[in-house]
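This report concerns only the one structure given below.
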Amino acid sequence: MKKVTYFPGCSAHGTSEEFDQTVKMVMKTLDVEMEEIPDWNCCGATSAHTMNESLAYALPLRNLVLAEKLSNDTMTVPCASCYQRMKFTKIHMDENPELARKINTAVVGEGQYQGRVAVKSMLQYCYEDVGIEAIKTKVTSPISGMKIACYYGCLLTRPKAITQFDSPEYPMSMDRIVEALGAKAMPFDFKTECCGASFSISDTDVVLQLSGKILEMAKESGAHAIVVACPLCQSNLDMRQPDIEKKFKVRYDLPIFYLTQLMAMAFGYPKDKMMFSKHIVPVDGALAHIGEVIEEPKKTAKGKKAVKAESEVE
Amino acid sequence: MARVGVFVCFCGANIADFVDVPTVVEEAKKIREVKFAVDYKYMCSDPGQQMIRDAIVQYRLTSIVVAACSPRMHEKTFRKALSDAGMNPYLLEVANIREHSSWVHQKDKKAATDKAGDLVRMAVAKSIANEQLHEISVPVTKRALVIGGGIAGIQAALDIADARIPVTLVERSPSIGGRMAQLDETFPTLDCSQCILTPKMVDVASHPFIELIPYSEVIELDGYVGNYKAKIRKKASYVNFKSCTGCGACWQKCPVKVPNEYNMGIDTRKAIYTPFPQAVPNKPVIDAKHCTMLLKGKCGICAKFCEKGAIDFKMTDEVIEREIGAVVVATGYDLWDATPYEEYGVGRYKDIINSLEFERMVSANGPTGGLPVRPSDGKVPKTVVFIKCVGSRDKAKGIEFCSKICCMYTAKHAILLHHKVHDSRAYIFYMDIRAAGKGYEEFVNRAQVETGAVYLRGRVSKIYQKGEKLMVRGEDGQLGQEVEVEADLVVLATAIIPDKENPALARLLGISYDKYGYLSEAHPKLRPVETAKAGIFLAGCTQAPKDIPETVAQASACAAKVCGLFAGDTIKKDPMVSTVNKDFCSGCQNCVKVCPYQAIVTEDIPLGHGAKEMRTVAKINEGVCQGCGSCVAICRSMAINLAGFTDPQIINEIVAI
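Written out as structure tokens, the structure is:
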């Protein structure tokens, strides 16, 4: 039985409760015991790091110091923003002990930062620490038949110097997990494009455009649904989807799942545990594809042969 | 009693800003043997040298110390000043107070001045023990080795051979011609690359002073300037070139298809092949990695159809030796693999190609008959996006330097595209247009005006597929806007990198290379074609990215250097070589083992005066010895001394501080 420290972040207790719940279900199945950091605090996203550098370090640092009091050597964070702030702080503290000492004075009551605990996103933890093979062995009801576009957003794999995980431009870790569950991960060029993030509230139009483009390309890829591992991605693509459809006079009908929701389904948890009722775009249409046989399109003539055919005609 | 003159240089501000030069002069004057000490702004200039010459005569000096820059820079200059004044040039010592003091101690003038004083004291002490030395003459083998048969190697070989000096030209592939043979037309005049290159290739093959060894590699180089010995491995071609007529029956019948390197893998060649129809020599070779007869012992069709019986499956690699006096290295370039540009989908989309692939497509003898087509479906593209600086000038993903030729060939590609597909349009994303060269700026203007190519200043941030099209999203920096171009084909002007074998070759030849694998010239400004090793020269892109005119100019410069080296029957060599005191030598032969130049052999001498019994002692070949001093350090009986760095000289230096 593995043990890991868990930092849920504020959205897990609010808008992304279904993420939090399914993470817990999935981890239980994967024989991972999660230990929530006692008395954790806000990670500082997104306002602290634009307003005050010291505060932007101090808030995550307190959580890192608290995490070191637990015996686990890894901390996992479901929210991409929280993950980014934690990892950013960890890397800067580890690289610059002088800065670490200075920032530590702000949270000195909690203890001294040592840099002992690794910070990983939920996706990274599942991919690296649990592993594809272990996930495969737990799949009891594969979600085969579903075509999925995996959307990573901008923070899970970028910037590379901070996340040190997967490709910053065309990551494949989530695609591999989705395939392990039996679904088909579609080639999707917009997997790391910006969704508009917190402009959702201050300048909604930006989000409608950016997220609209992501939905359009996901639809183009032939996907039945989009899978995410970030609460803000989920809310922008899901909650704003009706507005986007209205604005651009299109119909996408693409439900936005959390990765752990699909994992839980494949692990055999009943559908009513997934809290699908919290979704704006109904999920049933997409789930109806489960069990369908996907016909592989005939392989088109290889490029080089095509070129040759042309030259022979000449 | 020694009479030493000390000359301290300001080197403009280079030394004087961080070392108190007059103090160094005053310190020097305190040394008993120093009879004259002076400073000057530029000691290497003619007035500076005149000061040295005058002082030698006036003060009857017996040795000279110049405190200035590194001896690598001006030792020769000052030695000449000594000779001009009738003094043995090896009575000079250089105290390097620039690289070793002023430049490295810029924050502490006092420390720098003190150190400069110490360096001068050491040099004065050493110079007192200096002896008169005389240059050594060594014979020269008047034959040049040219490695690489691209345009650089071809030009160097032809120019040297035209001076009636024999040349051995070694080419790795089955034919000479190199990258230039793959090009369609050349900027800025659009003359056909093949038309100007192939006559030169034929000249190489027929030149009485050129020995062309294709399909071969240099595997060893021993010796020293004027007296190198090269080992060349002739790869088994499995075809007897003497009886082969080049009729082509073999490659027409060969059933094995292999991606064609000459066409950048766009089409296939056979396992027995000549790289291209104009190949020189126009004889096929068998690719042993793919021939089923050589791999599995089945087939042999080529041998059946060869009327001359030229196919020989039993042929093996052969190693030959050549004695040569100089080497020209011209191993050319390769294209950087753009896979790290994941945001462009390199590797995922077939319709993203590199510039050499485009070049092959628009080439009249190319795989598509001169028409650009989309690799995915064979359709002729109407909208082509060219992206420059892919990998070049990009520290994060690729390499820092500018590849120099891409601005020009991309303009050429726009023109060629327009010539081949009249209703097409080129979009060119660029960072800067670097068109410095005769007729270059005009050529870029021509591309813009004549073809209507749209030049967009900005980087491409993403390429994605939408239906059949590739959507190229980038920045138009001049409008300050994001732009998206629906492209049929995308051509990446990827960075130029040196041949991947360059580091191994450099180690083999004993020359240096930079962090990218480019071979290093001796001086970036004043000795651009020489390497730090005497007698080895560089031509073409093996040293840095270059276009054809520049490559040809450098190749001719190499030829001039080789001809200069071979102008006399002997070449002069520094006398800083080791000598063995046979009385002390115990014959342990440790020196033989450590000598990196194989300059030490052994000889048997009588055990004593008139004795019949013999003993073995070390003997040094002055011509081969490079004066590295390894033997001096290893000799446990202190029997070896290095001229110019004798034990008394070194001990004097140590005592002085």
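Residue numbers (the working numbering), protein chains in the order written: chain E, 1 to 314; chain H, 1001 to 1657. Think of the CB as a built atom: it goes at the ideal place given N, C-alpha and C, for glycine as much as any other residue.
Exposed or buried, residue i, counting other C-beta atoms within 10 Å across all chains shown (16 or more means buried)?
i	result
residue 1306 of chain H	buried
residue 1546 of chain H	buried
residue 158 of chain E	buried
residue 1651 of chain H	exposed
residue 13 of chain E	exposed
residue 1260 of chain H	buried
residue 1007 of chain H	buried
residue 255 of chain E	buried
residue 1177 of chain H	buried
residue 52 of chain E	exposed
residue 1360 of chain H	buried
residue 1057 of chain H	exposed
residue 1436 of chain H	exposed
residue 1134 of chain H	exposed
residue 1633 of chain H	exposed
residue 1526 of chain H	exposed
residue 1001 of chain H	exposed
residue 1102 of chain H	buried
residue 212 of chain E	buried
residue 73 of chain E	exposed
residue 1188 of chain H	buried
Just to confirm my understanding: we take residue i, look at its own chain, exclude 5 residues before and 5 after, and list those with CB closer than 8 angstroms. What are they?
i	result
residue 1686 of chain H	Nothing in the structure corresponds to residue 1686 of chain H, since chain H is present only between 1001 and 1657.
residue 1532 of chain H	1511, 1512, 1520 and 1522
residue 39 of chain E	66
residue 1081 of chain H	1049, 1052 and 1053
residue 285 of chain E	224, 253 and 255
residue 1382 of chain H	1421, 1423, 1424, 1425 and 1488
residue 161 of chain E	91
residue 1502 of chain H	1331, 1513, 1517, 1518, 1519 and 1542
Under the DSSP definition of a beta bridge, which residues are partnered with residue i?
i	result
residue 233 of chain E	Answer is none; residue 233 of chain E lacks a bridge partner.
residue 148 of chain E	E:185 and E:225
residue 1210 of chain H	H:1167
residue 75 of chain E	E:5 and E:119
residue 1602 of chain H	H:1618
residue 968 of chain H	The question about residue 968 of chain H has no answer, for chain H in this structure spans 1001 to 1657.
residue 1039 of chain H	H:1008
residue 1221 of chain H	H:1230
residue 1184 of chain H	None, per the DSSP bridge assignment.
residue 1523 of chain H	H:1527
residue 1579 of chain H	H:1641
Identify, in the order they occur along the chain, each residue of the same chain with its Cβ nearer than 7 angstroms to the Cβ of residue i, setting aside the five sequence neighbours on each side.
i	result
residue 1069 of chain H	1011, 1096, 1098 and 1099
residue 1490 of chain H	1351, 1352, 1385, 1387, 1463, 1470 and 1472
residue 1021 of chain H	1008, 1010, 1015 and 1039
residue 1605 of chain H	1582, 1614, 1615 and 1617
Return the chain-ordered list of same chain residues with a C-beta closer than 6 angstroms to the C-beta of residue i, the five sequence neighbours on each side being excluded.
i	result
residue 1648 of chain H	1129
residue 1193 of chain H	1180, 1183 and 1186
residue 1476 of chain H	1456, 1458 and 1483
residue 1286 of chain H	1238 and 1272
residue 1485 of chain H	1385, 1427 and 1472
residue 1300 of chain H	1293
residue 1656 of chain H	1121, 1122 and 1125
residue 1528 of chain H	1521
Thinking residue i and residue j are a contact (beta carbons under 8 angstroms), I'd like their distance in whole angstroms, please.
i	j	result
residue 1330 of chain H	residue 1539 of chain H	4 angstroms
residue 1169 of chain H	residue 1202 of chain H	Contact flag wrong, Cβ pair sits at about 13 angstroms.
residue 943 of chain H	residue 1429 of chain H	Residue 943 of chain H falls outside the range modelled here, since chain H spans only 1001 to 1657, and no answer is possible.
Does any residue of chain B have a CB that is nearer than 9 angstroms to the CB of residue i?
i	result
residue 189 of chain E	Among the chains of the structure shown, chain B does not appear; the protein chains present are E and H.
*Segment contact flag, the stretch 1128–1147 of chain H with the stretch 1300–1318 of chain H, C-beta cutoff 8 angstroms, min 3 pairs*: no
_Quick test of the definition: if touching needs 3 or more C-beta pairs under 8 angstroms, does the stretch 17–35 of chain E touch the stretch 261–275 of chain E?_
With a cut-off of 8 angstroms, the stretch 261–275 of chain E and the stretch 17–35 of chain E count as touching, because enough Cβ pairs lie within range.
*asked:* Within 8 angstroms, do at least three Cβ pairs link the stretch 281–300 of chain E to the stretch 137–157 of chain E?
replied: yes
_Measuring CB atoms only, is the stretch 1365–1378 of chain H touching the stretch 1415–1424 of chain H, in the sense that at least three cross pairs come out at less than 8 angstroms?_
yes
*Please determine if the stretch 1559–1566 of chain H and the stretch 1157–1177 of chain H are in contact, where contact requires at least 3 C-beta pairs separated by less than 8 angstroms.*
Segments in contact, yes.
_Cβ pair count under 8 angstroms reaching 3, the stretch 1547–1554 of chain H against the stretch 1106–1116 of chain H_ = no
*Is there contact here, the stretch 187–206 of chain E with the stretch 111–120 of chain E, by at least three beta-carbon pairs under 8 angstroms?*
no
*asked:* With three or more C-beta pairs closer than 8 angstroms as the rule, is the stretch 1132–1152 of chain H touching the stretch 1213–1229 of chain H?
replied: yes
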